[in-house]
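Numbering (the numbering used here), first residue to last: 2 to 94. A short write-up of the structure that comes next.
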């Protein structure tokens, strides 16, 4: 049951982000200083990390949006690998 609620909440958040992208963002014009845009970044973060951490990463990204930040390419970070494993999947010594 908990997984069903979690997926429903994630679906609603992604739907709201998509609604923003389709209905509001076109009226604002192309003004994002980052690639991907903050709404695409947030949607990708929610898909990778879940609702709470994904929305938090989205908020942190939006807080970077000011004239003193250079912007540019800023992809969603990769999830951390499991503790004790290296990139090859072998246990660390």
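The C-beta atom is built at its ideal place from N, Cα and C for all residues, glycine as well. Small disclaimer: the values here were computed from a predicted structure and weren't measured.
query                                                                                                    : result
Inter-residue spacing [alpha-carbon to alpha-carbon] between residue 7 and residue 14                    : 11 angstroms
Same chain, Cβ closer than 8 angstroms to residue 26, five either side skipped, listed in chain order    : 38 and 40
Counted within 10 angstroms of its Cβ, other Cβ atoms place residue 62 as buried (16 or more) or exposed : buried
With 16 other Cβ atoms within 10 Å as the buried cut-off, status of residue 17                           : exposed
Of the residues 34, 49 and 82, the one placed nearest residue 1, counting alpha carbons only             : No answer is possible for residue 1: it lies beyond the span of the chain, which begins at 2 and ends at 94.
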